[in-house]
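Asks: Starting off with a structure, shown below.
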Amino acid sequence: MQRKGAQREGILQQLADMGGASTAAVAQVAKQTGVPEADVWGAGLFYGLLRRDPQNTLVCNGLSCRIQGAEQLRHQLTEQGVATQSVACLGLCDVAPAAVGPALLPLPACDQPAHVLPNNPDLPINLGGERDRSYRGLGAALKLGADAVIAELQAAGLQGRGGAGFPAHLKWRSVRNQTDPTRYVVCNADEGEPGTFKDREVIRRQPDKLLEGLAIAAHVVQATEIYIYLRGEFERERRILQSAIDDACHGPLAGLQFHIVRGQGAYVCGEETALLESLEGRRGMPRLKPPFPTERGFRNKPTLIHNVETLACVPDIALRGGVRFASLGRREPGAKLYCISGHVQRPGVYELPLGVSLDELVACAGGYVGTPQAFSPGGASSGFLPMSERSRPLDFASLGQVGAMLGSAGAVVLNDTADLVLAVHWQLSFFEHESCGQCAPCRLGSRWVRQALDRYLASGDPGELSDVLDVAWEMNEGSICGLGQVASLPLTSAMQHFPEQFGRRPVTQEHHHG
Amino acid sequence: MAETLTIHIDGRTLVAQSGETVLQVAKRNHIAIPTLCHDERLDAAGCCRACLVEIDGQRRLQPACNWPVSKELRVQTSSPRVQRHRATLLGLYVADHRLDSDGLPVHTTQGNDLRSLAQGIEFKRLLSIDSPRHPRGVDANPYIAYDPDLCILCARCTRYCDEVEAVSAISLAWRGAETSIATAGDRGLLDTSCELCGGCVDVCPTGAMHAKQAPRFEKPEAVQKVRTTCNFCGVGCQLDLNVQEGKIIQVTAPPPGETVNDGNLCVKGRFAYGFVHHDDRLRTPKIRGADGELHDATWDEALHYAAKGLLGVRDRHGPHALGFVSSSRCTNEENYLVQKLARAVFQTNNVHQCAAT
Ligand SMILES: Cc1cc2nc3c(=O)[nH]c(=O)nc-3n(C[C@H](O)[C@H](O)[C@H](O)COP(=O)(O)O)c2cc1C
Ligand code: SF4
């Protein structure tokens, strides 16, 4: 129940400013805002960054970092007397093993610029080009008018780049057609899918294209307030974005209000309705859909939510037309930012035709390191595929056909030095840790499946995995949001494609008592 | 205005009103759909997933508790897919619960909806899950306790505390499998905004939230429910005395929708029944004798004695020397009689009710 006059929206940032969700901070925030103290406490404890010790250096524990020596890094730091804490993911897979200091800035060792393609003005986002502050796409969009912009989006065939691949023009039209005159535009910059760091790179290199896309969206759906929900660990990116806003707010962005809201360390808040809950100062628990955000979203008003990359494609579509954008793809329309990390020479973000194969992507990244054995095509939630799929187009439909998905296009390659079963274990642990906990199939299923794998690792007996498929089926059928629905895919896909790795297994000392 | 329409559940054509949910229509027509997190008084949470059904045109199973009816909507509540879902979901819940020697969720004095479901459905047996909830500190309040091992995180208690009582003393806290029901700072309830109404105990489907004074694991069959009216105030809330061998072991609210209090009670109605069986309870009227001590009397003697005293004051000092104050525990009818006694019998307007200030 919303208390009259209670100022809920700012509570998470206030807790962050006070060093986290301590009992004293919670009491004070409750008093200042009128939000019940238990609600502030419950919301605060949901978020990793509000529970961390603010003195600690955070060492990434994600798959790409583990295979590049995250544990050794943590060990080294500890020996140097640095207080560390391991975290599920930092969005720095290209510079693995990654760590950020207490102020959430990357440690010098993992603070190199990411690899991208060289300048190529034909590319819609063109990460390798000069920073484009022209706002010419916005000018073009204003000339075209709202309906024509939507028609261009449709011609472009732009599918959401946040993971679900939903056609953008349908959402724009839906929000535009709502009867409620108050609308919001929200940018999903919570980028948290392990293996994914493309939105980070857009903000670092072409932040104005994102702002331009947001401005076009706001004009089309008649919104004046824009919220950017930015992953909390992206502190440098926040500064870049804020200064880009400051630079343009009296020029091309005049009349629009931009708000950057920091995420506080919960992967699930990348799910759009959990994101809205979090923006409203609550626990990031996904809402039931329908109603969809386009009808009732932020503050219960029609809301257009898009991923950073989706929005950053919009200026080019407005400027050079949807048909041209569409022609950049192969079987599906458009160009796409692919992230690649793991056992490859030059991990990075490469803007390529939608539908390139893994081999083509890895060729951009300078080739494989060692002999590849498996890859994850689109982030942790896309599961694992065998190298026999290396020439399959990395697009929404083609990956869907093999039970994987393009997701956020964060590909990770494992070579034969990696233990696939352990890699699966890490991915399962990630989802278990990040489950919001509201629905039983995900809350209990993700733990059950991980514990079944623990038992298998401890005993070597494949019989321990016999009920996994049933539980995974239920997680997919019964979970509220995408997290739970795919949380066991790393295991089920690996069992399907690599049955030989899930036979009787020698018991290692490490897991014997685990 | 609500529009009348028809929908089809499991092939039956049923009349519904726009604005209703699939669950409401199903219930009215005695089509059983299991629920755990549902309570008519609360907004649908859809989080327990027990009520998922197949809806024509929807790729995913959808919660009946939150799905609005629409013209000619087609719903399957017991297709093989729904049944497999229920059996596996229940298997997960059971694997996370405290079980009795038959491998079923333990019964509690308050009942256990999970147990009832497990008794009615052939569920998938799974090895137990190790998922201790985040622990809770010591809580000195005398009435309400939380047993995290029995909690299924349906959040009925926190939503009730917020949406019905507007108290918000408890909240979901932590995340994932560690999620728990917490107070701010894990303090005892006495140090929170809690009013100890005990509604969280009543809405809990599994007996995780329970009354400290009551025995926890009595067989529900051994307990008889006696409906009565609360005598603490004039509102007239209905109570169910839970009686075992002639003794009240707990007071519960009748189900919502049945009585004026709609399933709610206050701390007195729910927890202050200790006087009933207390040794010090007065069982007869008493009159103070010349020796200064109280002595047992009959009602006739006591009433005569009181009347004589009141009449004496009136005769000596006039009617306005008397004043009548009725107790907040009186009903409307009793209050009416008190003012009638004052005005008609003793001829004074000095009459008041202690709850009126
Ligand atoms: C568990 C989960 C995590 C997600 N994380 C992100 C994310 O980090 N960034 C993002 O843009 N979309 C994420 N999404 C997808 C969003 O829910 C939503 O589809 C997207 O923001 C819509 O934007 P788009 O149409 O531009 O893709 C996530 C979805 C789920 C289920
Ligand atoms: S699937 Fe998992 S993350 Fe999503 S709502 Fe359910 S518990 Fe939360």
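Protein chains in written order, with this note's numbering: chain A, -14 to 499; chain B, 448 to 804.
All C-beta atoms in this analysis are idealised placements derived from N, C-alpha and C, irrespective of residue type, glycine included.
#1: Using 7 Å as the cut-off, classify the Cβ of S263/A as near or not near the heavy atoms of ligand 2, replying yes or no.
#2: Please check the pair L112/A and L102/A, which I expect to be a contact at CB under 8 Å, by giving their CB distance rounded to whole angstroms.
#3: What is the residue span of the alpha helix (DSSP H) that R221/A lies within?
#4: If I measure Cβ to Cβ from S640/B and keep anything under 8 Å in the same chain, skipping five residues before and after, which residues do I get?
#5: Counting only beta-carbon separations shorter than 8 Å, does F31/A have a partner in chain B?
#6: Can you pull the DSSP bridge partners for D687/B?
#7: Quick check: what's the CA-CA separation for G499/A versus L442/A?
#8: Taking the alpha-carbon positions, what's the L784/B to G29/A distance?
#9: At 4 residues or longer, and completely inside the stretch 26 to 86 of chain A: list those alpha helix (DSSP H) runs for me, N to C.
#10: Tell me the DSSP secondary structure of S326/A in three-state form.
#11: Excluding the five sequence neighbours on either side, which residues of its own chain have a C-beta within less than 7 Å of the C-beta of S7/A, listed in chain order?
#12: Name the chain A residues whose beta carbon is nearer than 9 Å to that of D577/B?
#13: With distance defined between alpha-carbon atoms, name the residue in G177/A, A23/A, F487/A, C78/A nearest to G148/A.
#14: Please return the same chain residues whose Cβ sits closer than 6 Å to the Cβ of G250/A, not counting the five positions on each side in sequence.
#15: Are the Cβ atoms of G519/A and G469/A separated by less than 8 Å?
#16: Can you check the stretch 577 to 614 of chain B for any alpha helix (DSSP H) of at least 4 residues that lies completely inside it and give the ranges in chain order?
#17: On the three-state DSSP scale, how would you describe A479/A?
#18: For G11/A, which residues in the same chain have their Cβ closer than 8 Å to its Cβ, ignoring the five residues on either side in sequence?
#19: Does the Cβ of P491/A have 16 or more other Cβ atoms within 10 Å, making it buried, or fewer, making it exposed?
#20: Strictly under 8 Å for the Cβ-Cβ distance: is K571/B near chain A by that measure?
#21: Report buried or exposed for N559/B, applying the criterion of at least 16 other Cβ atoms within 10 angstroms of its Cβ.
#22: Secondary structure at G632/B, three-state DSSP: helix, strand or coil?
#23: Could you pull the DSSP bridge partners for Q436/A from this structure?
#24: Just to check, is the beta-carbon of T295/A closer than 7 Å to a non-hydrogen atom of ligand 1?
#25: Consider the C-beta atom of L289/A and the heavy atoms of ligand 1; say whether any pair is separated by less than 7 Å.
#26: Please list, in chain order, the chain B residues whose beta carbon lies closer than 7 Å to that of D193/A.
#27: Name, going along the chain, the residues of the stretch 411 to 426 of chain A whose beta-carbon falls closer than 8 Å to a beta-carbon of chain B.
#28: For a test of the three-state rule: what should DSSP assign to Q(-8)/A, helix, strand or coil?
#29: Report all residues from its chain with a CB closer than 6 Å to the CB of H485/B; omit the five preceding and five following residues, and keep chain order.
#30: Quick test of the definition: if touching needs 3 or more C-beta pairs under 8 Å, does the stretch 369 to 387 of chain A touch the stretch 475 to 486 of chain A?
#31: Strictly below 8 Å CB to CB, what residues from chain B border I465/A?
#32: Residues bridged to C172/A by DSSP?
#33: If you reduce the DSSP assignment to three classes, tell me which class I188/A lands in.
#34: Looking at E459/A and L561/B, is the spacing between their C-beta atoms short of 8 Å?
#35: Is any heavy atom in ligand 1 found nearer than 7 Å to the beta carbon of V466/A?
#36: Would you decide whether Q144/A is buried or exposed? Buried here means 16 or more other CB atoms lie within 10 Å of its CB.
Replies: In terms of the structure at hand:
#1: For the purposes of this step, residue 263/A is identified with residue 278 of the first sequence, where counting begins at 1. No, since every heavy atom of ligand 2 falls outside the 7 Å radius drawn around the Cβ of S263/A.
#2: Your numbering for residue 112/A matches position 127 in the first sequence. Your numbering for residue 102/A matches position 117 in the first sequence. Your pair L112/A and L102/A checks out as a contact, with CB atoms roughly 7 Å apart and the cut at 8 Å.
#3: In the first sequence, the residue the question calls residue 221/A occupies position 236. Start and end: 220 to 233.
#4: As a working note, residue 640/B is residue 193 in the second sequence. Here the set comprises V614, S615, A616.
#5: For the purposes of this step, residue 31/A is taken as residue 46 along the first sequence, with counting starting at 1. Yes, contact with chain B.
#6: The residue labelled residue 687/B in the question sits at position 240 within the second sequence. Paired residue(s): R674/B, T699/B.
#7: Locating residue 499/A in the first sequence gives position 514, where the first residue counts as 1. Locating residue 442/A in the first sequence gives position 457, where the first residue counts as 1. Residue confidence is low: G499/A scores 38 on pLDDT, short of 50, so the model does not pin down where it sits. Its coordinate-derived value is still stated next. Their backbone Cα atoms lie some 8 Å apart in a straight line.
#8: Along the second sequence, read from residue 1 onward, the residue named residue 784/B stands at position 337. Along the first sequence, read from residue 1 onward, the residue named residue 29/A stands at position 44. Near 55 Å, if we compare the C-alpha coordinates of G29/A and L784/B.
#9: 33 to 36, 48 to 52, 55 to 64
#10: Residue 326/A sits at position 341 when you count from the first residue of the first sequence. The answer is strand: DSSP assigns S326/A an E or B state.
#11: Numbered from 1 along the first sequence, position 22 holds the residue referred to as residue 7/A. Counting only Cβ-Cβ distances below 7 Å, and skipping sequence neighbours, we find nothing.
#12: Indexing the second sequence from 1 puts residue 577/B at position 130. Neighbours of D577/B on chain A, chain order: R432, Q436.
#13: Your numbering for residue 148/A matches position 163 in the first sequence. Residue G177/A is the option with its Cα nearest to G148/A.
#14: Indexing the first sequence from 1 puts residue 250/A at position 265. Y32, G33, L34, G217.
#15: In this structure chain A extends from -14 to 499, so residue 519/A is not present and cannot be described.
#16: Whole alpha helix (DSSP H) segments, 4+ residues: 603 to 606.
#17: As a working mapping, residue 479/A is identified with position 494 in the first sequence. Three-state result, A479/A: helix.
#18: By one-based count along the first sequence, residue 11/A stands at place 26. Sequence inspection shows Val at residue 11/A; the Gly mentioned does not correspond to that position. Once the five neighbours on either side are set aside, the close Cβ partners of V11/A are L0, E22, V25, W26, G29.
#19: In the first sequence, residue 491/A corresponds to position 506, counting from 1. Result: exposed.
#20: Along the second sequence, one-based indexing puts residue 571/B at 124. Answer yes: the Cβ-Cβ gap between K571/B and chain A drops below 8 Å somewhere.
#21: Counting from 1 along the second sequence, the entry for residue 559/B is found at position 112. Buried is the call here.
#22: On the second sequence, position 185 is the one that residue 632/B refers to. Three-state result, G632/B: helix.
#23: Stepping through the first sequence from its first residue, residue 436/A is reached at position 451. Per DSSP, none; premise fails for Q436/A.
#24: Residue 295/A sits at position 310 when you count from the first residue of the first sequence. It does: the Cβ of T295/A is within 7 Å (strictly closer) of some heavy atom of ligand 1.
#25: Stepping through the first sequence from its first residue, residue 289/A is reached at position 304. Not under cutoff, so the answer is no.
#26: Residue mapping note: residue 193/A aligns to position 208 of the first sequence, counting from 1. By Cβ distance, chain B contributes nothing, its closest Cβ being about 36 Å from D193/A, past 7 Å.
#27: E417, H418, E419, S420, C421, G422, Q423, C424, A425, P426
#28: Taking the first residue of the first sequence as position 1, residue -8/A is located at position 7. Coil.
#29: On the second sequence, position 38 is the one that residue 485/B refers to. C512.
#30: yes
#31: Your numbering for residue 465/A matches position 480 in the first sequence. For I465/A, the C-beta contacts it makes with chain B under 8 Å involve G493, C494, R496, in order along the chain.
#32: By one-based count along the first sequence, residue 172/A stands at place 187. Paired residue(s): I213/A, H291/A.
#33: For the purposes of this step, residue 188/A is identified with residue 203 of the first sequence, where counting begins at 1. When DSSP states are grouped into helix, strand and coil, I188/A belongs to the helix group.
#34: For the purposes of this step, residue 561/B is taken as residue 114 along the second sequence, with counting starting at 1. For the purposes of this step, residue 459/A is taken as residue 474 along the first sequence, with counting starting at 1. No, they are not a contact pair.
#35: As a position in the first sequence, residue 466/A is number 481, starting the count at 1. A quick correction: the sequence has Cys, not Val, at residue 466/A. Flag set: Cβ of C466/A near ligand 1.
#36: Numbered from its first residue, the first sequence carries residue 144/A at position 159. Within 10 angstroms of the beta-carbon of Q144/A lie 16 or more other beta-carbons, which makes it buried.
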